[in-house]
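Student: Have a look at the structure that comes next, please.
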Amino acid sequence: MVKDSRKGAGRAGFASFRSTESGVFDLPCIFSSFGIPKHSASNEFAFSRQSRETMGNRPKREQKRIPKEDRKSLRLWVEGARETVLAPHIAPYAAKLAMGWMEEHQYLQKVCKEYNARIDWRIGDNEKPELAAFDPLAKILVEVLLEEDERAKSTRLHGLEKHIRRWLKYRSRRLRKGGQIKVDLRKDPWAVLLAKLSGVNSPPKACQAYQQFMHEEYTTTIRPEILK
Numbered sequence: 001m002v003k004d005s006r007k008g009a010g011r012a013g014f015a016s017f018r019s020t021e022s023g024v025f026d027l028p029c030i031f032s033s034f035g036i037p038k039h040s041a042s043n044e045f046a047f048s049r050q051s052r053e054t055m056g057n058r059p060k061r062e063q064k065r066i067p068k069e070d071r072k073s074l075r076l077w078v079e080g081a082r083e084t085v086l087a088p089h090i091a092p093y094a095a096k097l098a099m100g101w102m103e104e105h106q107y108l109q110k111v112c113k114e115y116n117a118r119i120d121w122r123i124g125d126n127e128k129p130e131l132a133a134f135d136p137l138a139k140i141l142v143e144v145l146l147e148e149d150e151r152a153k154s155t156r157l158h159g160l161e162k163h164i165r166r167w168l169k170y171r172s173r174r175l176r177k178g179g180q181i182k183v184d185l186r187k188d189p190w191a192v193l194l195a196k197l198s199g200v201n202s203p204p205k206a207c208q209a210y211q212q213f214m215h216e217e218y219t220t221t222i223r224p225e226i227l228k
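Quick note: the sequence shown, position 64, residue 64 per UniProt numbering, numbers continuous.
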């Protein structure tokens, strides 16, 4: 049977550690008992201690933001003047969204009308626009354009409507997040008791096609086939 020499080395190392009178870790002595040179152990310990002390004083690395013209997505495209126009509509849009798609679509058209009136459609998403004055009661003037420019404007406005709707829906969902409490009324004993006391019964379950056929055609079609 071969005796493991590492056990003896470990015991000797910890024995030297216990024999220290000051109670401080004698790491070089312990490392040397395992075959590690004292100078390398002390250097590594000093380096690790120095790194821990300086780690808290290290300045945080700030990640540089990618310019808007170089981005491959529309992330953070609503900033500055665009956020000034769209941010006040988050809460009303969330309320209209809960009412149904018809109310949501009508309010979205109102938001797009204000956005297009205050920010020209020719301004790209990576440019900083200057907000124009907006009067909701003012009549919208029809812009006379060439056929090619008219198609470009229609495509641009359609894309802006999709972007605005996606942003408003995302922000409205974040606004409602955590504010809703989903309760299963079937597991609420008070709701079950009130339903029984109210006398309102749940509607009967609809029959499947073959069940309805057997119920209606039993005497004329099914029973003669059984008695054959």
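We put the CB at the ideal spot given by N, CA and C, even for glycine. Note that the structure is predicted; figures quoted are calculated from it, not measured.
For the candidate residues Arg-82, Leu-76, Ala-91, whose alpha-carbon lies nearest to that of Lys-169?
Tutor: Here the closest residue by C-alpha is Ala-91.
Student: Would you tell me roughly how many angstroms separate the C-alpha atoms of Val-142 and Leu-131, rounded to the nearest one?
Tutor: Approximately 20 Å between the Cα atoms of the pair.
Student: In this structure, how does DSSP classify Lys-228 when only helix, strand and coil are distinguished?
Tutor: Note: Lys-228 maps to coil in three-state DSSP.
Student: Measure the alpha-carbon distance for Ile-140 versus Glu-150 and round it to whole angstroms.
Tutor: Each residue's Cα considered, the two are about 16 Å apart.
Student: Give the range of the alpha helix (DSSP H) segment to which Lys-196 is assigned.
Tutor: Looking at the DSSP string, the run of the alpha helix (DSSP H) that includes Lys-196 is 189-198.
Student: Whole angstroms are fine: how far does the CA of Leu-194 sit from the CA of Gln-211?
Tutor: If I take the Cα positions, the gap works out to 33 Å.
Student: Contact between the stretch 154-168 and the stretch 108-127: three or more CB pairs below 8 Å?
Tutor: With a cut-off of 8 Å, the stretch 108-127 and the stretch 154-168 count as touching, because enough Cβ pairs lie within range.
Student: Could you check the C-alpha separation between Pro-129 and Arg-156 for me, to the nearest Å?
Tutor: Taking the straight line from one Cα to the other gives about 16 Å.
Student: So, with DSSP's three-state summary, where would you put Lys-139?
Tutor: It is coil, neither helix nor strand.
Student: Of all the options Asn-201, Asp-135, Trp-101, Cys-207, which has the alpha carbon lying nearest to the alpha carbon of Asn-116?
Tutor: Selected option, being the one with the closest Cα: Asp-135.
Student: Straight-line CA distance for Trp-77 to Gly-199?
Tutor: Looking at the two C-alpha atoms, the distance is approximately 55 Å.
Student: Which term fits Leu-108, buried or exposed, when burial requires 16 or more other beta carbons within 10 angstroms of its beta carbon?
Tutor: Classification for Leu-108: buried.
Student: Hey, out of Gln-63, Met-214, Ala-94, whose CA is closest to Arg-173's CA?
Tutor: For Arg-173, the nearest C-alpha among the options comes from Ala-94.
Student: I'd like the span of the alpha helix (DSSP H) that includes Leu-86, first residue to last.
Tutor: Leu-86 -> alpha helix (DSSP H) spans 81-86.
Student: Look at Lys-96 and Trp-121 and say whether their C-beta atoms are less than 7 Å apart.
Tutor: The answer is no: Cβ separation not under 7 Å.
Student: For the alpha helix (DSSP H) that Glu-130 lies in, which residues bound it at each end?
Tutor: First-last for Glu-130: undefined, no H or E at that position.
Student: Report the rounded CA-to-CA distance for Met-214 versus Ile-222, giving the unit in angstroms.
Tutor: Spanning the two alpha carbons is a distance of roughly 7 Å.
Student: Reducing DSSP to helix, strand and coil, say where Arg-65 ends up.
Tutor: Coil.
Student: Would the beta-carbon of Val-85 fall within 7 Å of that of Arg-118?
Tutor: In contact: Val-85 and Arg-118 (Cβ atoms closer than 7 Å).
Student: Could you check the C-alpha separation between Thr-219 and Leu-197 for me, to the nearest Å?
Tutor: Answer to the nearest angstrom: the Cα atoms are 40 Å apart.
Student: Under the rule that 16 or more other beta-carbon atoms within 10 Å means buried, what is Arg-82, buried or exposed?
Tutor: Looking at its Cβ environment, which holds 16 or more other Cβ atoms inside 10 Å, Arg-82 is buried.
Student: According to DSSP, simplified to helix, strand and coil, what is Arg-173?
Tutor: In this structure, Arg-173 counts as helix in the three-state DSSP scheme.
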